[in-house]
Amino acid sequence: MGTPYNPRMTEPLFLESDPDPERRTVVLSAWAIVIAVLAALAGHFLTRLIGLITNIAFYGRIDAGFMPPWAHQLGVFVILVPVIGGLIVGVMARWGSAAIRGHGIPEAMEQVLLNESRISPKVLVLKPLSAAISIGTGGPFGAEGPIIATGGALGSVLGQLLHISADERKVLLAAGAAAGMAAIFSAPVSAVLLAVELLLFEYRPRSLIPVSLAAATATGVRIAFEGMGSVFPMPQLASPTQLALVSYVLIGVLAGIAGVVITRLLFAVEDGFEHLPVHWMWWPAIGGLVVGVVGYFAPRTLGVGYENITDILNGKLVGTALAVLVVLKLASWLIALGSGTSGGTLAPVMTIGGGIGALAGGWLAAAAPAAGVDPRIAGLVGMAATFAGASHALLASVVFAFEVTRQPLGLLPLLAGCSAAYLVSILTMEHSIMTEKLARRGTRVHRDYGVDWLTQVGVEEIATREVVTLHRARSVAEVREWLASDAGPAAHQGFPVVDDTGELVGVLTRRDLLRREVNTASPIGDLLQRPPYVVPDDASARDAADLMAATQVGRLPVVKRDAPREMIGIVTRSDLLAAHERRLAAGRRVTPLLGRKRRG
Numbered sequence: 000m001g002t003p004y005n006p007r008m009t010e011p012l013f014l015e016s017d018p019d020p021e022r023r024t025v026v027l028s029a030w031a032i033v034i035a036v037l038a039a040l041a042g043h044f045l046t047r048l049i050g051l052i053t054n055i056a057f058y059g060r061i062d063a064g065f066m067p068p069w070a071h072q073l074g075v076f077v078i079l080v081p082v083i084g085g086l087i088v089g090v091m092a093r094w095g096s097a098a099i100r101g102h103g104i105p106e107a108m109e110q111v112l113l114n115e116s117r118i119s120p121k122v123l124v125l126k127p128l129s130a131a132i133s134i135g136t137g138g139p140f141g142a143e144g145p146i147i148a149t150g151g152a153l154g155s156v157l158g159q160l161l162h163i164s165a166d167e168r169k170v171l172l173a174a175g176a177a178a179g180m181a182a183i184f185s186a187p188v189s190a191v192l193l194a195v196e197l198l199l200f201e202y203r204p205r206s207l208i209p210v211s212l213a214a215a216t217a218t219g220v221r222i223a224f225e226g227m228g229s230v231f232p233m234p235q236l237a238s239p240t241q242l243a244l245v246s247y248v249l250i251g252v253l254a255g256i257a258g259v260v261i262t263r264l265l266f267a268v269e270d271g272f273e274h275l276p277v278h279w280m281w282w283p284a285i286g287g288l289v290v291g292v293v294g295y296f297a298p299r300t301l302g303v304g305y306e307n308i309t310d311i312l313n314g315k316l317v318g319t320a321l322a323v324l325v326v327l328k329l330a331s332w333l334i335a336l337g338s339g340t341s342g343g344t345l346a347p348v349m350t351i352g353g354g355i356g357a358l359a360g361g362w363l364a365a366a367a368p369a370a371g372v373d374p375r376i377a378g379l380v381g382m383a384a385t386f387a388g389a390s391h392a393l394l395a396s397v398v399f400a401f402e403v404t405r406q407p408l409g410l411l412p413l414l415a416g417c418s419a420a421y422l423v424s425i426l427t428m429e430h431s432i433m434t435e436k437l438a439r440r441g442t443r444v445h446r447d448y449g450v451d452w453l454t455q456v457g458v459e460e461i462a463t464r465e466v467v468t469l470h471r472a473r474s475v476a477e478v479r480e481w482l483a484s485d486a487g488p489a490a491h492q493g494f495p496v497v498d499d500t501g502e503l504v505g506v507l508t509r510r511d512l513l514r515r516e517v518n519t520a521s522p523i524g525d526l527l528q529r530p531p532y533v534v535p536d537d538a539s540a541r542d543a544a545d546l547m548a549a550t551q552v553g554r555l556p557v558v559k560r561d562a563p564r565e566m567i568g569i570v571t572r573s574d575l576l577a578a579h580e581r582r583l584a585a586g587r588r589v590t591p592l593l594g595r596k597r598r599g
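So the sequence shown is residues 0 to 599, counted in numbering that gives the first Met the number 0.
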């Protein structure tokens with residue numbers, strides 16, 4: 000027989016929490032830096048691999064230097080190159096891992112939300128390889144999506160090898176993803192914001208610090224390879240006038256509409272492929288055929304296209320040539336990505352959005368010269384605002400456009416235009432280009448994140464002070480008779496048990512007291528089998544809710560922190576629900592002050 004439970008020899012049980020969260024933040028930060036270095040090296044390798052495949056496929060030479068594919072001399076045979084790339088990617092997805100399909104970020108979000116941030120190690124190898132083949136053979140994608148997915152996979156795989164929680168593994172996944180983006184674009188701040196807005200679903204030091212350090216580290220590694228220059232250099236911009244600022248807001252509205260249209264078209268194309276009477280393995284080849292045909296007539300639509308963004312922002316691509324690029328790049332990218340091949344979203348959307356903004360800015364500059372609209376700033380606003388409208392990542396879009404151009408005078412137009420685009424998007428589209436697929440699969444993804452209300456409410460505020468207690472010496476029969484009488488507490492389901500001094504020794508439920516096998520002559524103190532779970536008076540309602548969920552109890556005695564047997568109240572599940580009344584009341588609209596009638 001085991002040792003009988005002695006309530007005077009065992010202290011009440013508090014919620015077991017991490018005794019040193021700051022130390023865990025340091026540990027996560029150290030691993031995040033390691034992941035960042037690996038992700039940055041993977042990003043550098045991926046760009047070199049894309050260059051190598053591009054040179055082999057379009058120029059027939061062994062060279063890892065990055066070259067745009069549109070200077071090829073293949074003639075009509077260029078149509079076959081993306082088809083071959085699509086066939087290879089389809090085979091890799093069919094017999095390697097179907098997780099390599101898509102543009103990276105939604106797949107990473109899905110693992111965070113549904114799979115405890117666990118990504119298969121196969122994705123770590125196959126995703127960058129398939130992306131390099133897809134882009135290197137002319138796919139109209141950016142490298143950022145695949146390297147974000149690769150960095151996230153690095154963090155996830157390492158997190159599965161460490162003794163950490165699922166929440167901490169999510170931080171490492173986000174750190175790897177942010178490092179991947181920072182390594183490609185030298186944009187550490189926007190990489191952190193993108194991780195917060197699309198992957199972390201939280202904003203607290205334990206996650207923010209490791210992700211920030213990872214982004215900074217990856218940027219440092221990139222600088223070692225590429226130097227300090229901006230990714231999309233622009234000439235010095237002039238400060239916008241008030242009329243120009245209004246124009247950029249209108250361009251932001253147009254870009255927001257474009258973001259919504261692009262998102263809906265992409266999923267319409269994906270739906271169309273779903274109805275094809277062929278296995279999905281062949282879809283990337285079909286998409287590649289369209290890419291090849293479009294690329295034959297408009298070579299600038301092939302490949303990454305970062306040089307297109309630079310030319311748009313510098314005013315080198317204008318007029319009919321720009322309009323043709325926007326339309327055909329959109330068509331090529333939509334069909335290629337909708338086919339399920341491996342590629343990115345950010346660069347194509349920004350190319351299309353930048354072209355729309357520059358075209359609108361050029362028209363406004365010609366129609367109203369006095370407004371002082373700069374087509375280059377208009378292109379910058381269109382680029383970022385279209386992505387903001389499509390992705391719902393407002394702050395990441397604004398800061399990204401600033402970081403890749405290093406143009407501080409563009410910040411105000413960017414903030415105004417992206418905010419307008421975001422407003423248009425949320426009014427017309429519930430889900431973003433990143434979350435629509437998840438929503439279709441039944442996953443609930445919220446775009447609103449706030450502080451948990453229960454963390455702002457103390458248990459002392461909501462606890463019931465007049466507690467019905469039972470003395471440990473009372474017999475079971477006596478208590479049962481009391482429960483059955485009119486004087487008994489009909490609504491109570493649990494009762495703290497106290498000793499002669501009034502100190503807490505345990506908690507019993509009605510079920511405990513009414514069990515058939517109990518000896519009715521024995522004192523109720525003999526029914527106690529474990530120490531009581533309690534919550535200290537300085538704890539939050541969230542702490543109480545967490546303890547209830549972890550222990551499957553419906554009520555907790557509230558005790559003094561330094562005297563865990565001195566009970567000052569009790570908190571129940573109903574009290575936790577009632578605590579939300581103040582939150583609901585704060586969200587109700589009231590009669591405006593000027594609209595109230597005076598009394599008397």
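Glycine included, each C-beta is placed from N, C-alpha and C at the ideal position.
Alpha-carbon spacing of residue i relative to residue j, whole angstroms
i                 : j              : result
proline 3         : isoleucine 99  : Unreliable positioning characterises proline 3 in this predicted model, as indicated by a pLDDT of 49, which lies under 50. A coordinate reading is not provided.
phenylalanine 57  : alanine 369    : 47 Å
serine 341        : valine 90      : 12 Å
leucine 269       : glycine 287    : Correcting the residue identity first, residue 269 is glutamate in this sequence and not leucine. In a straight line, the C-alpha of glutamate 269 is about 15 Å away from that of glycine 287.
glycine 599       : arginine 464   : Only weak support is given to the placement of glycine 599: the predicted model assigns it a pLDDT of 47, under 50, and the value that follows is read from those uncertain coordinates. Cα-Cα distance, rounded: 40 Å.
methionine 0      : tyrosine 202   : Because the pLDDT of methionine 0 is 35, which lies under 50, any placement of that residue in the model is unreliable, and the number read from its coordinates should be weighed accordingly. So the two alpha carbons sit approximately 50 Å from each other.
methionine 8      : isoleucine 432 : With a pLDDT of 48 at methionine 8, under the threshold of 50, the predicted position of this residue should be treated as unreliable, and no value is reported.
alanine 413       : isoleucine 308 : The question names alanine, but residue 413 in the sequence shown is leucine. Those two C-alpha atoms are separated by around 16 Å.
alanine 152       : valine 122     : 7 Å
alanine 400       : arginine 375   : 12 Å
isoleucine 52     : histidine 71   : 13 Å
valine 220        : valine 325     : 33 Å
arginine 572      : glycine 493    : 12 Å
alanine 359       : isoleucine 163 : 51 Å
threonine 218     : valine 466     : 59 Å
leucine 128       : glycine 154    : 18 Å
valine 194        : alanine 174    : One detail in the question is off: residue 194 reads as alanine in this sequence, not valine. C-alpha separation (whole angstroms): 8 Å.
glycine 586       : leucine 422    : 20 Å
phenylalanine 65  : alanine 284    : 24 Å
glutamate 196     : alanine 366    : 38 Å
glycine 304       : alanine 346    : 8 Å
arginine 514      : leucine 482    : 14 Å
phenylalanine 609 : leucine 207    : Because the chain here runs from 0 to 599, residue 609 falls outside it and cannot be looked at.
For residue i, the nearest candidate out of the options (CA to CA)
i              : options                        : result
histidine 579  : Arg541, Leu329, Pro556         : Arg541
valine 504     : Pro495, Asp511, Val36          : Pro495
tryptophan 282 : His71, Asp536, Arg93           : Arg93
arginine 601   : Phe231, Arg221, Ala438, Val458 : No answer is possible for residue 601: it lies beyond the span of the chain, which begins at 0 and ends at 599.
proline 96     : Val80, Ser119, Gly352          : Going by the sequence as given, residue 96 is serine instead of proline. Of the listed residues, the one whose Cα sits closest to serine 96 is Ser119.
threonine 136  : Ala148, Ile78, Glu143          : Ile78
alanine 130    : Leu161, Thr344, Leu265, Leu160 : Thr344
leucine 236    : Ile183, Arg22, Arg405, Arg47   : Arg405
valine 82      : Ile132, Val323, Val497         : Ile132
leucine 160    : Ala186, Ile183, Arg117         : Arg117
glycine 361    : His391, Ala395, Leu316         : Leu316
glycine 141    : Phe296, Ala538, Thr46, Glu435  : Thr46
Opposing strand residues paired with residue i [DSSP bridges]
i             : result
threonine 500 : Paired residue(s): none; threonine 500 is not in a bridge.
glycine 506   : The sequence shown places valine at residue 506, not glycine. Its beta-bridge partners are Pro495.
glycine 457   : Ser539
In chain order, what are the residue ranges of uninterrupted alpha helix (DSSP H) at least 4 long that sit wholly in the region 298-322?
305-312
Do the region 264-284 and the region 332-341 touch if we need at least three Cβ pairs shorter than 8 Å?
yes
Let me know the beta strand (DSSP E) ranges lying completely inside the region 526-597, each 3 residues or longer, listed in chain order.
554-559, 562-571
Inspect the CB distances between the region 159-169 and the region 377-388 and report whether three or more fall short of 8 Å.
no
Check whether the region 205-219 and the region 176-191 are in contact - that is, three or more C-beta pairs closer than 8 Å.
yes
Does the region 508-528 come within contact of the region 470-482, defined as at least 3 CB pairs closer than 8 Å?
yes
What residue ranges within the region 415-450 form continuous beta strand (DSSP E) runs of no fewer than 3 residues, ordered along the chain?
none
Could you tell me whether the region 539-559 touches the region 581-588, where touching means 3 or more Cβ pairs closer than 8 Å?
no
Quick check on the DSSP output: what are the complete beta strand (DSSP E) runs of length 3 or more inside the region 131-197, in order along the chain?
none
The region 28-45 in contact with the region 220-233 per 3-pair CB rule at 8 Å:
yes
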